[in-house]
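Asker: Going down the list, the protein sequences come from chains A and B.
Read in UniProt numbering, the first sequence has 218 at position 218, and its numbers run on one by one without any break.
Read in UniProt numbering, the second sequence has 210 at position 210, and its numbers run on one by one without any break.
Protein chains: 2
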Amino acid sequence: MPRPRQPRLTRQLIVETATALIDAEGLPAFSTRRLAAELGVRGPSLYNHFATKDEILDAVADAVTGAVDTSGFASRDWAAALLDWAWSYRRALTAHPNIVPYLAQGPGRRPAALAMADAVYGGLVRAGWPPARATHIGAALRYFVAGSALGSFARGFVEDPELYAAHYPHLRQAHRLAEHQQSVDEGAFALGLDALLYGLAAEYARTVGAVESGRPNG
Amino acid sequence: MPRPRQPRLTRQLIVETATALIDAEGLPAFSTRRLAAELGVRGPSLYNHFATKDEILDAVADAVTGAVDTSGFASRDWAAALLDWAWSYRRALTAHPNIVPYLAQGPGRRPAALAMADAVYGGLVRAGWPPARATHIGAALRYFVAGSALGSFARGFVEDPELYAAHYPHLRQAHRLAEHQQSVDEGAFALGLDALLYGLAAEYARTVGAVESGRPNG
DNA sequence: GTCTATAAGTGGATAGAC
DNA sequence: GTCTATCCACTTATAGAC
């Protein structure tokens with residue numbers, strides 16, 4: 001026999017609505033009252049499901065991180081797995097850029113972030129990278145992805161040619177960046193990621209590969 | 001209480017105190033009242049020097065960015081200049097990590113950020129990089145630096161061995177990251193930056209260098 | 001240029017009714 | 001499990017006295 005009336009709130013519904021609210025209005029605009037209003041309830045009702053506001057934010061951050069795909073580390077060579085992971089990571093964060101400053105405070109105790117770190121670190125070590133190097137690589141990629149999701153580079157420029165021409169001689173075309181925001185940001189990410197992986201592959205060949213030559217990376 | 005002979009507030013003093021306050025207590029704790037208290041005045045007095053709270057934050061962000069050294073682009077080859085710039089940029093941001101989320105929203109109209117973009121872009125173009133590529137390189141480095149300053153990777157882990165051992169097999173040593181936070185974060189940055197520059201140098205040799213062989217980069 | 005006073009509102013969170 | 005009622009510290013910003 002189902003319950004006559006379903007509870008209006010569930011943890012999942014709260015997290016989904018909180019995510020949408022943060023996406024739409026930003027982290028500073030996110031309050032328990034505002035969230036409750038969005039859910040059609042009053043503020044205090046949320047406290048039946050979460051103890052504090054930060055617990056809600058942690059759940060949102062964990063859900064965002066949970067969308068990242070690390071499966072490549074199980075089946076592909078380390079470089080291809082890093083590439084797949086970085087793009088998936090970037091997609092997950094750029095889908096919810098406003099939560100990034102909160103999320104980037106550190107993997108902390110959030111399960112999804114720890115599972116991701118575990119998969120990446122494990123995959124790199126399995127491929128032969130020394131543990132300390134694997135840590136550095138995972139962190140470096142995290143820096144790059146978080147930074148790219150944090151704030152669009154192109155978005156920072158305004159669409160007013162006059163503003164830049166006067167004082168910044170090389171930025172004469174900068175106003176055009178605003179038009180091509182997405183392709184500039186993605187192009188910069190692609191360039192940086194490719195260069196990074198190129199450099200890592202060179203170091204791998206120089207150190208790990210020289211020792212375990214002939215051993216497949218997967 | 002008699003009024004002081006000298007004005008107690010100046011824009012510079014306000015910005016310096018605001019920076020210290022944000023460093024010490026974080027962006028959410030920063031309020032005009034809290035700042036005024038720190039300066040020994042009442043909240044409204046600040047509005048004689050800045051029109052809004054955001055104007056103060058912009059001034060703080062601009063001061064932080066203003067500490068970045070881009071002089072290498074005038075005198076050194078592009079790769080060495082990028083390396084110097086990236087480290088200087090990182091030092092400036094990690095000295096004030098709590099302002100990074102605000103600062104990273106985009107270069108916007110802040111003079112110091114625009115001057116920095118101008119110097120970097122101009123230096124790269126002068127070295128022979130195609131304009132579109134120069135934009136991507138500057139943005140990619142910005143992503144990496146901002147991400148590295150935004151949140152320490154190592155800090156995210158707690159110093160409790162038991163917490164990770166159970167569920168994340170590869171993170172058995174992760175609690176040790178907390179001890180070596182600074183060296184892990186700097187090592188990850190150094191590795192990523194070197195790999196990135198290695199990859200860029202390869203592309204430069206493949207494209208620009210092939211066309212303008214023999215031309216000095218400076 | 002700093003002050004008092006105040007506007008007009010939001011914040012997270014709790015107690016206890018139903 | 002949601003409600004009403006409530007707490008009160010706190011927010012940015014303005015008006016006008018001195």
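Don't be surprised by glycine CBs; every beta carbon is placed ideally from N, CA and C.
Note that the structure is predicted; figures quoted are calculated from it, not measured.
1) Which chain A residues are close to Ile137 (chain B), counting only those with a beta carbon under 9 Å from its beta carbon?
2) Counting pairs of beta carbons, one from the region 191-204 of chain B and one from the region 195-213 of chain A, are three or more of them closer than 8 Å?
3) Check distances from the C-beta atoms of the region 167-189 of chain A to those of chain B and list, in chain order, the residues that come in under 9 Å.
4) Is it right to say Pro4 (chain A) is buried, meaning 16 or more other beta carbons lie within 10 angstroms of its own, or is it exposed?
5) Excluding five sequence neighbours on each side, which residues of the same chain lie with their C-beta closer than 6 Å to the C-beta of Ala178 (chain A)?
6) Please report whether the beta-carbon of Ser88 (chain B) lies at a distance below 7 Å from any beta-carbon of chain A.
7) Please look up how many angstroms separate the CB atoms of Pro101 (chain B) and Leu150 (chain A), rounded, as I've assumed it's under 8 Å.
8) To the nearest whole angstrom, what separates the beta carbons of Ala127 (chain B) and Trp78 (chain B), a pair I think is in contact under 8 Å?
9) Hey, how far is the Cα of Met1 (chain B) from the Cα of Ala95 (chain B)?
10) Excluding the five sequence neighbours on either side, which residues of its own chain have a C-beta within less than 8 Å of the C-beta of Pro161 (chain B), listed in chain order?
11) Would you report the Cα separation of Ser45 (chain A) and Asp185 (chain A), rounded to the nearest angstrom?
12) Could you give the residue range of the alpha helix (DSSP H) that holds Ile22 (chain B)?
13) Note down, in chain order, every chain A residue with its Cβ under 8 Å from the Cβ of Arg58 (chain B).
14) Can you tell me whether Gln105 (chain B) is helix, strand or coil according to DSSP?
15) Quick one: complete alpha helix (DSSP H) runs, 4+ long, within the region 50-115 of chain A?
16) Mind checking whether the beta-carbon of Glu159 (chain B) lies closer than 6 Å to any heavy atom of the ligand ADP?
17) Just to confirm before moving on: does the CB-CB distance between Thr65 (chain A) and Ala113 (chain A) stay below 7 Å?
18) Does any residue of chain A bring its CB to less than 7 Å from the CB of Phe73 (chain B)?
19) Gly147 (chain B) and Ala146 (chain A) look like a contact to me (Cβ under 8 Å); what is the Cβ gap, rounded to whole Å?
20) Look at Gly123 (chain A) and Ala81 (chain A) and say whether their C-beta atoms are less than 7 Å apart.
21) How would you call Val211 (chain A), buried or exposed, if buried means at least 16 neighbouring beta carbons within 10 angstroms?
22) Does any residue of chain A have a CB that is nearer than 7 Å to the CB of Asp118 (chain B)?
23) Leaving out five residues on either side along the sequence, give the residues of the same chain with a beta carbon under 8 Å from the beta carbon of Leu21 (chain B).
24) Determine whether the Cβ of Arg91 (chain A) lies closer than 7 Å to any Cβ atom of chain B.
Answerer: Quick answer:
1) Ala188, Leu191, Gly192 and Ala195
2) yes
3) His167, Tyr168, Pro169, His170, Leu171, Gln173, Ala174, Leu177, Val184, Asp185, Gly187, Ala188 and Phe189
4) Any reading at Pro4 (chain A) must be qualified, since the residue scores a pLDDT of 34, below 50, and its modelled position is unreliable; no value is offered.
5) Phe157 and Glu159
6) no
7) 7 Å
8) 4 Å
9) Because Met1 (chain B) sits at a pLDDT of 37, beneath the cut-off of 50, its placement in the model cannot be relied upon, and the following sentence gives the value as read from the coordinates. C-alpha separation (whole angstroms): 37 Å.
10) Arg172 and His175
11) 41 Å
12) Arg11 to Glu25
13) Note on residue identity: the sequence assigns Asp, not Arg, to residue 58 (chain B). Ordered by position in chain A, no residue passes the 8 Å Cβ test against Asp58 (chain B), which lies about 13 Å from the chain.
14) coil
15) 53-66, 72-75, 78-94 and 100-103
16) As for the ligand ADP, it is missing from this structure, which has no ligand bound.
17) yes
18) no
19) 4 Å
20) yes
21) exposed
22) yes
23) Ala29, Phe30, Arg34, Leu35 and Glu38
24) no
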